[in-house]
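Visitor: Letter by letter, the sequence shown follows residues 2 to 144 of the working numbering.
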Amino acid sequence: MKTAKILLVEDNEDDIALMLRAFKINKIPNEVVIAKNGVEALDQLMGENALHPCLVILDLKLPKVDGLQVLQRMRENIVTRDYPIIVLTTSVEQEDIVKSYELGANSYIRKPVEFEKFIKAVEQLGLYWLFLNEPNPKYHERR
Numbered sequence: 002m003k004t005a006k007i008l009l010v011e012d013n014e015d016d017i018a019l020m021l022r023a024f025k026i027n028k029i030p031n032e033v034v035i036a037k038n039g040v041e042a043l044d045q046l047m048g049e050n051a052l053h054p055c056l057v058i059l060d061l062k063l064p065k066v067d068g069l070q071v072l073q074r075m076r077e078n079i080v081t082r083d084y085p086i087i088v089l090t091t092s093v094e095q096e097d098i099v100k101s102y103e104l105g106a107n108s109y110i111r112k113p114v115e116f117e118k119f120i121k122a123v124e125q126l127g128l129y130w131l132f133l134n135e136p137n138p139k140y141h142e143r144r
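1. Which residues share a DSSP beta bridge with V34?
2. Name the DSSP bridge partner or partners of T81?
3. Have a look at I58, G127, N78, F116 and flag the residue whose alpha-carbon is nearest the alpha-carbon of A106.
4. Any idea what DSSP makes of S108, helix, strand or coil?
5. Nearest CA to the CA of L128: which residue from A23, D16, V40, L72?
6. So for V175, helix, strand or coil by DSSP?
7. Under a three-way DSSP split, which group does V71 fall into?
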C-alpha cells in the first residue's frame with residue numbers, strides 16, 4: 002500500500018536525523034521529504050512537480066525564507082491552504098506561538114530537548130495526524 006508523504010521543513014541536520022529516527026522507532030511508514038530552508042519548502046509545495054503531503058512539519062527558524070513566511074504563503078495558496086501544518090520548533094517566544102496560530106498552524110509543538118521525550122512527542126504526533134485524524138480528501142492523498 003502506498004503511503005502519503007510527509008514534508009519535514011528543517012535546516013538542522015541533527016534535528017533531521019532525530020526526527021527520522023523517531024519516525025522509525027515509532028514505526029511511522031510514511032516517506033519523509035526534507036526541505037532544508039523556506040525556499041526549498043515552497044518549491045516542494047508549489048513548484049512544477051508539487052508534493053501533496055499528508056502533513057507538513059515546519060520549523061520556524063529557517064534560512065532564506067523563515068517558517069512564518071512559509072506558513073503564510075501556504076495558507077494564501079488555494080492548493081496548500083488546507084494542508085495540516087505542525088510547527089515543531091525550539092522557539093519559546095509567545096509572539097511566535099500567537100503568530101503561528103494567527104497564520105493558520107494546526108498545532109504548535111516545542112521540540113523536547115530530551116531524546117525520550119522527543120520520541121514520545123513524535124509518537125503522539127504520528128498517532129493523531131497520521132492515523133486518527135481524517136484529512137480533507139479534496140486536498141490530500143490517502144494515508
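For glycine and all other residues, C-beta sits at the position ideal for the given N, C-alpha and C.
Bear in mind the structure is a predicted one, so any value in this text is a computation, not a measurement.
Guide: The relevant details are as follows:
1. For the purposes of this step, residue 34 is identified with residue 33 of the sequence shown, where counting begins at 1. V34 is bridged by DSSP to L8.
2. Numbered from its first residue, the sequence shown carries residue 81 at position 80. Looking at the DSSP output, T81 bridges to nothing.
3. Sequence index remark: in the sequence shown, residue 106 carries index 105 (1-based). Of the listed residues, the one whose Cα sits closest to A106 is I58.
4. By one-based count along the sequence shown, residue 108 stands at place 107. The answer is strand: DSSP assigns S108 an E or B state.
5. Here residue 128 refers to the residue found at position 127 of the sequence shown. Considering only alpha carbons, the answer is A23.
6. Residue 175 is absent from the structure shown; the chain starts at 2 and stops at 144.
7. Against the sequence shown, residue 71 aligns to sequence position 70. Note: V71 maps to helix in three-state DSSP.
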